[in-house]
Amino acid sequence: MSGPVDARVRPPLDTAETFAPDWHTAAADHVAWLRLRDLVPGREIHRYQAQGLWKLIAYSYPRAQGAARLLLIDILGWFTVLDDHFDGPPGRDPEQARALVDLLVNAPADSPADPRTAAILAAWQDIRRRQCLGMSDAWARRTAAEWARCLDTFVTEARHRADGTLPTPDDAVPLRRHASCLYPFMNMLERVRGAELPDRLRADPAFDRLRAHTADAATLINDVFSLSREEERDSPFNMVVILQRHQGADRPAALAAVRAWIEGLRRESDALRESLSREYPDQSWYLRQTARLVDGVHRWSSTTFRYHHAVTGHPN
Numbered sequence: 273m274s275g276p277v278d279a280r281v282r283p284p285l286d287t288a289e290t291f292a293p294d295w296h297t298a299a300a301d302h303v304a305w306l307r308l309r310d311l312v313p314g315r316e317i318h319r320y321q322a323q324g325l326w327k328l329i330a331y332s333y334p335r336a337q338g339a340a341r342l343l344l345i346d347i348l349g350w351f352t353v354l355d356d357h358f359d360g361p362p363g364r365d366p367e368q369a370r371a372l373v374d375l376l377v378n379a380p381a382d383s384p385a386d387p388r389t390a391a392i393l394a395a396w397q398d399i400r401r402r403q404c405l406g407m408s409d410a411w412a413r414r415t416a417a418e419w420a421r422c423l424d425t426f427v428t429e430a431r432h433r434a435d436g437t438l439p440t441p442d443d444a445v446p447l448r449r450h451a452s453c454l455y456p457f458m459n460m461l462e463r464v465r466g467a468e469l470p471d472r473l474r475a476d477p478a479f480d481r482l483r484a485h486t487a488d489a490a491t492l493i494n495d496v497f498s499l500s501r502e503e504e505r506d507s508p509f510n511m512v513v514i515l516q517r518h519q520g521a522d523r524p525a526a527l528a529a530v531r532a533w534i535e536g537l538r539r540e541s542d543a544l545r546e547s548l549s550r551e552y553p554d555q556s557w558y559l560r561q562t563a564r565l566v567d568g569v570h571r572w573s574s575t576t577f578r579y580h581h582a583v584t585g586h587p588n
């Protein structure tokens with residue numbers, strides 16, 4: 273196995289890290305929330321903190337403040353805990369996966385008997401309540417539907433693991449697009465701004481393409497930088513691995529194909545943003561932020577201890 277993939281998906285970003293004190297305060301508040309919600313055992317807190325998840329939010333939403341900033345970090349932390357939970361038995365048993373996802377989507381009033389499941393559900397209910405504060409009922413319904421689609425990918429992946437199968441590249445694109453949680457985080461752009469997008473923009477096919485390209489580019493970037501970790505864990509849900517297995521490509525060729533794919537998505541996204549900004553100038557803030565989300569994923573994925581500790585032996 274070769275070492276960590278380099279940053280040739282785009283020219284290296286400035287790696288100097290200076291964050292306002294409020295970001296460090298939010299990171300500490302997030303850890304307190306994790307402890308309160310029993311999401312991360314005390315013995316694992318240090319390792320969890322080493323991933324620097326809050327930095328992904330700082331890179332992607334640099335102007336987020338106060339409660340919105342903490343909410344973003346809590347959402348990312350919760351989803352990461354959930355994703356890691358599916359590395360265990362629920363991720364290999366479609367029935368267990370379905371039961372947990374249905375529990376989250378339906379959010380019953382009664383707490384589950386299993387303490388781990390109960391903690392995940394209670395934290396989910398907390399972040400959804402906070403996420404919908406100040407937003408319309410229509411926004412809440414729309415975002416709930418996109419959360420459900422995101423969570424349902426855990427069931428699909430569990431079914432593949434149980435059957436010993438791997439999605440084709442064509443099937444993997446929509447699966448990975450929604451598994452990445454990028455749609456819920458794009459929805460948070462409105463929540464942070466305190467402004468909802470007009471229906472006319474939402475109905476524009478070009479806007480749908482931009483959101484899909486944003487999710488795809490961010491997911492593929494993550495696949496590039498997480499590849500070594502996923503190879504060590506024999507986790508097949510990575511586009512580089514999928515291209516190797518379905519197309520017979522070797523590792524360098526598959527990586528080159530994914531890098532080229534990312535660059536193509538970025539070029540097309542730039543063109544879509546330019547066109548949409550002319551048509552919807554009042555929503556140019558959202559369009560610009562989709563680019564920042566992708567850049568934030570790139571910067572964080574290229575440096576996080578989560579992906580690079582196995583090779584370097586220390587946080588980057």
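Okay, so the sequence shown: first residue is 273 according to the numbering used here, each after it adds one.
C-beta atoms are modelled at their ideal positions from N, C-alpha and C, and glycine is treated no differently.
{"Item": "CB contact flag (Trp419, Val377, <9 Å)", "Value": "yes"}
{"Item": "Reduced DSSP secondary structure (H/G/I, E/B, other) of His334", "Value": "According to the sequence as given, residue 334 is Pro; it is not His. Three-state result, Pro334: coil."}
{"Item": "Cβ separation of Ser556 and Ser549, assumed to be a contact under 8 Å, to the nearest whole Å", "Value": "4 Å"}
{"Item": "Minimum length 4: unbroken alpha helix (DSSP H) runs contained in the stretch 358 to 407", "Value": "366 to 378 and 387 to 404"}
{"Item": "Pro366 versus Pro553: straight-line alpha-carbon distance, rounded", "Value": "45 Å"}
{"Item": "The stretch 347 to 361 touching the stretch 408 to 418, judged by at least three CB pairs closer than 8 Å", "Value": "no"}
{"Item": "Per-residue DSSP class, three states only, for Ala304", "Value": "helix"}
{"Item": "8 Å Cβ shell around Gln519 - same chain, five flanking residues per side excluded", "Value": "Pro441 and Ala526"}
{"Item": "Nearest to Arg370 (by Cα), restricted to the options Leu515, Thr425 and Arg483", "Value": "Thr425"}
{"Item": "Selection from Arg465, Pro439, Arg474 and Ala490 that minimises the alpha carbon distance to Cys453", "Value": "Ala490"}
{"Item": "Check whether Asp301 and Gln337 have beta carbons under 9 Å apart", "Value": "no"}
{"Item": "Cβ pair Phe497, Tyr579 closer than 9 Å", "Value": "yes"}
{"Item": "Presumed contact (8 Å Cβ cut-off) between Ala484 and Arg449, rounded CB distance", "Value": "6 Å"}
{"Item": "Gln555, enclosing alpha helix (DSSP H) - first and last residue", "Value": "Gln555 -> no alpha helix (DSSP H), and no H or E assigned at all."}
{"Item": "Contacting residues, own chain, Cβ-Cβ under 8 Å from Ala434 (five flanking each side not counted)", "Value": "Arg364, Asp365 and Pro366"}
{"Item": "Exposure label - Ile399; buried when at least 16 CB within 10 Å", "Value": "buried"}
{"Item": "Three-state secondary structure (DSSP) of Gly349", "Value": "helix"}
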